[in-house]
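Have a look at the structure below before the remarks.
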Amino acid sequence: MAERVVVLGAGYAGLAAAKRAARRLRGTDAPVTLVNVSDRFMERVRLHQLAAGQVLADLPLRGLLDGTGVELVVAGVTGLDLGARVARLDTVPYEVGYDVLVYALGSGADLDAVPGAAEHAFTLAVAGEAVRLRSRLTEARTVAEVGPGGLFLENGHEAPADTVVWAAGFRVAGLAAASGLAVDEQARMLVDATLRSLSHPRVFGIGDAANAQVAGGRSRMSCQTGLPMGLQAGDAVAGLVTGRDLRPARIRHLWQNISLGRRDGVTQFTRADDSPLGAVLTGWASARHKEAVIRGTVWRLRHPGPCGPGA
């Protein structure tokens, strides 16, 4: 009987893993299923643009998966039964069985680190929150007067403090820990050098949800490490299914980007362990660098090539 490969989560890491595994397993009977809560690919690194009123590209997952043979199931994941090898879903088909699982459910905004953030702050972790923030920014756009205690708006309201946007890091859901997978103090899955769970070797962990080894330390939550993890997990999954030796993943950091509008920014280049180098880009050059990286990432997810998911 063919081994069933299931990938949970279609972010940068999960989508790359599903496409790469399907490519590597082409010609076998092993089916690859991708489970995601939405039928769209979300470019989380662009959600600040959505909040500012810009229209983002619509990226249907079925279009990105066209021709790969990957089956897409649109559903939320509510639980895992590691003994029965079943993922529980919140809609039809309500569960999906697997022989090899890739856990790539990512992260969300960490709203519990400081009291009041959950009740009073906006986040940029999901598209719905970015749209809600956009509405709030639109409401507060017209200032009638600047007073000693804050702003007075044209609609008569007073704004004693600026709108709070909570961008103080991410946290992962507790599903991995609740299911019995080995996790660290942040509930990120603990994985070995091949990205397999330390407690369940038929489960791979990638992206923000996994604490993978990089040169000199552990991986930072970012698409920069998520995409390479996805590609290498896809290779490892295919190797496990076909009985080949698994190679250690090679993951490194390259840079850190900060957007300051569409025409300004800061890019800090880093060593493999994420420590800063002396090289820095600022201004327009940094903005163009970041835009090129983001566009290149989506291009790699869309097209086969020597470095892409279909390679």
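First residue of the sequence shown: 21, per our numbering; consecutive thereafter. Backbone N, C-alpha and C fix where the C-beta goes; we use that ideal spot for every residue, glycine too. Note that the structure is predicted; figures quoted are calculated from it, not measured.
| Check | Outcome |
| --- | --- |
| Could you spell out the range, first to last residue, of the alpha helix (DSSP H) harbouring I314? | G303 to R322 |
| Evaluate contact between the region 36 to 46 and the region 58 to 68, counting only Cβ atoms and requiring at least three cross-stretch pairs below 8 Å. | no |
| Residue range of the beta strand (DSSP E) that T290 falls in? | G285 to T290 |
| Roughly how many angstroms separate the alpha carbons of E139 and L131, rounded to a whole number? | 9 Å |
| Output the boundary residues of the alpha helix (DSSP H) element that contains V257. | C243 to T262 |
| Taking all protein chains shown into account, do 16 or more other C-beta atoms lie within 10 angstroms of the C-beta of Q74, making it buried, or fewer, making it exposed? | exposed |
| Where does P248 land, buried or exposed, given buried means 16+ other C-beta within 10 angstroms? | buried |
| Could you tell me the alpha carbon to alpha carbon distance between V65 and D265, rounded to whole angstroms? | 35 Å |
| State the CB to CB distance for the pair V211 and V120, rounded to an integer number of angstroms; the pair is presumed to be in contact (CB under 8 Å). | No, V211 and V120 are not in contact; Cβ-Cβ is about 14 Å, not under 8 Å. |
| Quick one: what does DSSP say G176 is sitting in, helix, strand or coil? | coil |
| Between G254, W319 and V300, which has its C-alpha nearest R46's C-alpha? | G254 |
| Residues in its own chain within less than 7 Å of P326 by CB, not counting five upstream and five downstream? | Bear in mind that a pLDDT of 48 at P326, under 50, signals an unreliable position, so the model cannot answer this. |
| Contact between the region 107 to 122 and the region 24 to 35 is defined here as three or more beta-carbon pairs at a separation below 8 Å; is this criterion met? | yes |
| Considering Y32, what are the terminal residues of the alpha helix (DSSP H) in which it resides? | Y32 to R44 |
| Can you confirm whether the region 310 to 319 touches the region 107 to 116 when touching is taken to mean that 3 or more C-beta pairs between the two stretches lie within less than 8 Å? | no |
| Could you tell me if Y32 is buried or exposed, where buried requires 16 or more neighbouring beta carbons within 10 angstroms of its beta carbon? | buried |
| Would you decide whether H273 is buried or exposed? Buried here means 16 or more other CB atoms lie within 10 Å of its CB. | buried |
| For G34 and Q69, what's the separation of their Cα atoms in angstroms? | 23 Å |
| Use the C-beta contact count for R156: other C-beta atoms within 10 angstroms, 16 or more gives buried, fewer gives exposed. | exposed |
| So is A230 buried or exposed if we call it buried at 16+ other beta carbons inside 10 Å? | buried |
| Expressed to the nearest angstrom, what Euclidean distance is found between the alpha-carbon atoms of Q206 and T290? | 24 Å |
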